[in-house]
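Here numbering that gives the first Met the number 0 is used: the first residue of the sequence shown is 0, the next is one more, and so on.
Idealized CB from N, CA, C, for every residue including glycine.
None of these values were measured; they are calculated from a predicted model.
Structure, as structure tokens:
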Amino acid sequence: MQALGEHDLRSLFGNANAAELEQLSLPVRFFVTEWAPLDTFGWRDPRVPARGYLVTELEGMPVGIVLRAADRTGSRHRAAICNLCRTHQPGDQVELFTARRTGAAGERGDSVGTYICADLACQETVRLGRPPAPSEVQPSVHELERIEGLARRTRAFVADVLGVA
């Protein structure tokens with residue numbers, strides 16, 4: 000993914016309204032992110048916890064969507080799976096996120112939803128087995144498949160929200 004500055008990032012969110020863009024808070028890690036190895040960048044808004052953001056690239060261009068976490072009801076004691084990184088986790092670590100569609104569909108209130116890691120850190124989750132420092136060790140085939148799968152599913156979800164075929 001190409002490196003993004005704060006101004007560039009704020010212009011990416013195709014399904015955001017003016018108020019959402021004005022309230023957007025960046026995570027501290029944004030300012031130290033190494034963008035080159037990333038296929039997606041997601042975070043929860045530190046000031047508006049029910050809001051999240053997901054950035055990826057479609058056809059070589061960075062795009063983003065604003066997400067809203069569904070209200071939690073009851074306690075979750077079962078395991079759950081993130082639909083983006085396909086990681087099994089305790090149920091309280093996976094949440095239903097919805098994103099308002101762009102254009103006329105979004106104006107009618109249409110949205111798309113899926114279950115995603117509650118911290119939106121799927122990019123880190125699929126790389127958990129990797130050495131902490133760069134080395135000559137190549138990622139395993141399994142790790143590469145997980146990384147490519149996350150990228151493919153994230154792009155498909157974002158494209159669906161943005162109405163890109």
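Under the DSSP assignment, leucine 127 falls outside any beta strand (DSSP E); it carries neither an H nor an E label. For alanine 49, the CB contacts under 7 Å within the same chain, skipping 5 residues up- and downstream, are Arg67, Ala68 in chain order.
Shown here, glutamate 58 sits in coil according to DSSP, grouped into three states, outside any helix or strand. In the assembly as shown, arginine 100 is a buried residue. Its beta-carbon has 16 or more other beta-carbons within 10 Å.
When DSSP states are grouped into helix, strand and coil, valine 27 belongs to the helix group.
In the displayed model, glutamate 33 falls within coil according to three-state DSSP, outside both helix and strand. Under the DSSP assignment, leucine 95 falls in the beta strand (DSSP E) whose first and last residues are 93–99. Boundaries of the beta strand (DSSP E) harbouring threonine 39: 39–43, taken from the DSSP string. Taking a C-beta distance under 8 Å as the contact criterion, glutamine 122 and threonine 39 qualify as a contact pair. In this structure, the CA atom of arginine 151 is about 13 Å from the CA atom of glycine 59. Residue Ala79 holds the alpha-carbon nearest to the alpha-carbon of proline 89 among Ala79, Asp118, Leu95, Phe29. A direct Cα-Cα distance of roughly 9 Å separates threonine 55 from glycine 41. Glutamine 22 and glycine 148 have their C-alpha atoms roughly 31 Å apart. In this chain, the beta strand (DSSP E) harbouring glycine 112 covers 110–116.
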